[in-house]
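Residue numbers (the numbering used here): 145 to 476.
C-beta atoms are modelled at their ideal positions from N, C-alpha and C, and glycine is treated no differently.
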């Protein structure tokens, strides 16, 4: 089915979104990124995003994230004794799933939101789909032997990176972000030839969270690499290009396993048995695969709920570690 629809889209002149990016704005709705990261101040960029982009010397990191110091006068990262560590001006992420004292981590970097504007989506629109995504989809299709339009996987991959650089520059310029000049001097040709890889993660506040890099693929396309290595490169760049829209990134990670992500430091959630099919340790290793049906569905849509649970029955039922039909655990 995927092959059929992918080839049909590539064969139709209106089948691909390549000339524009899609953003959503609603003057009556707070932008969720601005709300949870800036106003609530309980979400930061991930250690994965920081270390992968730093390893690649990727200018999109500086263009899409606010460095330490954004929080104000007491905005430096501190040590265990509360002493400033001199990280103001640097971009630092946090390990996913880390159980923390918020006061010690609220100053870590967050996705870029204009600090001098209101937290509404008319000022900070949310990206929904990036023009680069189509190119990365074509690159993956070529790896699978599909007719994606005639170019090689490498050509579509590099096209996707170029489109992503353009998208980030256009987005920052269109909304007059302070980071809008970062991409002007970016050398995308040099970036595409990069051979460096993800760096190790260092948590300035607590060294117990330090961890070695897990991604060993560079930006430069591995023409002699395996299909798995090439797919890892394609999905990693697709993951970067989609920032900060996270739902598609989560779906791609579950579907392909890429990019490789740091494991959750410790599973302290004590997931109730009704939501967990396997073990806590297995969940920590594999990550949540789906969300259970909501209480609203349970109370207002019993017939639909029953049908949904029936469809999941062969794979584990209404659990957070149940794989969906497209989450097969293998790529080729």
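Less than 8 Å between the CB atoms is what I'm expecting for residue i and residue j, so what's the real figure, rounded?
{"i": "residue 306", "j": "residue 332", "result": "6 Å"}
{"i": "residue 464", "j": "residue 432", "result": "5 Å"}
{"i": "residue 355", "j": "residue 344", "result": "7 Å"}
{"i": "residue 278", "j": "residue 162", "result": "5 Å"}
{"i": "residue 257", "j": "residue 177", "result": "6 Å"}
{"i": "residue 165", "j": "residue 271", "result": "6 Å"}
{"i": "residue 117", "j": "residue 396", "result": "Residue 117 is absent from the structure shown; the chain starts at 145 and stops at 476."}
{"i": "residue 442", "j": "residue 449", "result": "6 Å"}
{"i": "residue 185", "j": "residue 405", "result": "Residue 185 to residue 405, Cβ: 23 Å. No contact."}
Take the Cβ of residue i as the centre, count every other Cβ of all protein chains shown within 10 Å, and call the residue buried at 16 or more, exposed below.
{"i": "residue 302", "result": "buried"}
{"i": "residue 149", "result": "exposed"}
{"i": "residue 455", "result": "exposed"}
{"i": "residue 446", "result": "exposed"}
{"i": "residue 368", "result": "exposed"}
{"i": "residue 147", "result": "exposed"}
{"i": "residue 416", "result": "exposed"}
{"i": "residue 347", "result": "buried"}
{"i": "residue 466", "result": "buried"}
{"i": "residue 391", "result": "exposed"}
{"i": "residue 268", "result": "buried"}
{"i": "residue 304", "result": "buried"}
{"i": "residue 297", "result": "buried"}
{"i": "residue 246", "result": "exposed"}
{"i": "residue 285", "result": "buried"}
Near residue i, which residues of its chain fall below 8 Å by C-beta distance, leaving aside the five closest residues on each side in sequence?
{"i": "residue 380", "result": "196, 359, 361, 402, 403"}
{"i": "residue 219", "result": "212, 213, 232, 251"}
{"i": "residue 436", "result": "419, 462, 463, 464"}
Can you name, in chain order, every residue of its own chain whose Cβ lies under 7 Å from the Cβ of residue i, other than the five neighbours on each side?
{"i": "residue 400", "result": "375, 379, 475"}
{"i": "residue 222", "result": "228, 229, 248, 349"}
{"i": "residue 207", "result": "312, 316, 323, 326, 327"}
{"i": "residue 210", "result": "253, 254, 256"}
{"i": "residue 371", "result": "287, 476"}
Could you check what DSSP says for residue i in three-state terms: helix, strand or coil?
{"i": "residue 455", "result": "helix"}
{"i": "residue 209", "result": "strand"}
{"i": "residue 184", "result": "coil"}
{"i": "residue 389", "result": "coil"}
{"i": "residue 384", "result": "helix"}
{"i": "residue 273", "result": "strand"}
{"i": "residue 330", "result": "coil"}
{"i": "residue 190", "result": "strand"}
{"i": "residue 434", "result": "coil"}
{"i": "residue 168", "result": "strand"}
{"i": "residue 407", "result": "coil"}
{"i": "residue 231", "result": "coil"}
{"i": "residue 467", "result": "coil"}
{"i": "residue 222", "result": "strand"}
{"i": "residue 442", "result": "helix"}
{"i": "residue 288", "result": "coil"}
{"i": "residue 254", "result": "strand"}
{"i": "residue 398", "result": "helix"}
{"i": "residue 301", "result": "helix"}
{"i": "residue 419", "result": "helix"}
{"i": "residue 343", "result": "coil"}
{"i": "residue 306", "result": "helix"}
{"i": "residue 239", "result": "coil"}
Spatial neighbours of residue i within its chain, please: C-beta separation below 6 Å, excluding the five flanking residues on both sides.
{"i": "residue 385", "result": "274, 276, 308"}
{"i": "residue 154", "result": "292, 293"}
{"i": "residue 387", "result": "208"}
{"i": "residue 187", "result": "180, 181"}
Inter-stretch contact (C-beta, 8 Å, three-pair minimum) for the region 327 to 343 and the region 194 to 213: yes
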